[in-house]
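The opening position of the sequence shown corresponds to residue 14 in our numbering, with each subsequent residue numbered one higher.
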Amino acid sequence: MTRILTSLAALVAVAIVATAGLAATASGPNDRVAPMTTGGQLYVDGAGYVRIRGSFLAFGDVGGMTVTVTDHAGNARVILAGKRLRFPRRPTQARGGPSHITFRPASRNILSLDGTNIVAEFRGSGNVTLSITGNGTARLDGVGTFRQNTRGTESWPLRPIDLPLRATRRTGQG
């Protein structure tokens, strides 16, 4: 139990540092997304197909799923079970094209990924349990529950849904 708590504390620390780093890298004049400081939160727990697109930090357990991460900006970090996965070098990278990596984690392996302008896809018969913070969109197609920003927990409908990953607007004070 102590080992699990220590690992969880380390992941939270990595999340805080990575979020701060993304806030600095996502605010350039040519970026299409807002800085991470204005991002939203999404919690996903289910099975089927999940795609997250944008600038974000995600961590959780995706055991039994096939995971594909496409890195358009060249700064994505993928850490699985405490080990950083490397993106393969491809000839298209010299011309500025995206690189991608596909893998299938074992159950109970914690995944952490972050970057700007990335696409992460999770599909298969396993289970996706992810906490996500940042800017972009998420597509859910399967069964399960999700929680967006400060809203309550909702079930996935029987059709694909697209959710914005951004901060909720405040509607006045008082």
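No residue lacks a Cβ here, since even glycine has one placed at the ideal position from N, Cα and C.
Q. Are the Cβ atoms of Leu143 and Leu176 separated by less than 9 Å?
A. no
Q: Go ahead and pull the three-state DSSP assignment for Thr158.
A: strand
(Q) I need the DSSP call for Gln186, collapsed to helix, strand or coil. (A) Because Gln186 carries a pLDDT of 49, less than 50, the predicted location of this residue cannot be relied on, and the following value inherits that uncertainty. Three-state DSSP puts Gln186 in coil, outside helix and strand.
Q. DSSP state of Thr142, grouped into three classes?
A. strand
(Q) At the level of alpha carbons, what is the spacing between Ala86 and Glu134? (A) If you take the alpha carbons of Ala86 and Glu134, they lie about 17 Å apart.
Q) Rounded to a whole number of angstroms, what is the C-alpha to C-alpha distance between Leu35 and Leu55? A) Any reading at Leu35 needs caution, since the residue's pLDDT is 40, under 50, leaving its predicted position unreliable; the model's value is listed next. About 17 Å.
Q. Can you name, in chain order, every residue of its own chain whose Cβ lies under 8 Å from the Cβ of Gly53, other than the five neighbours on each side?
A. Thr146, Gly147, Asn148, Gln161, Asn162, Pro177, Leu178, Arg179, Ala180 and Thr181
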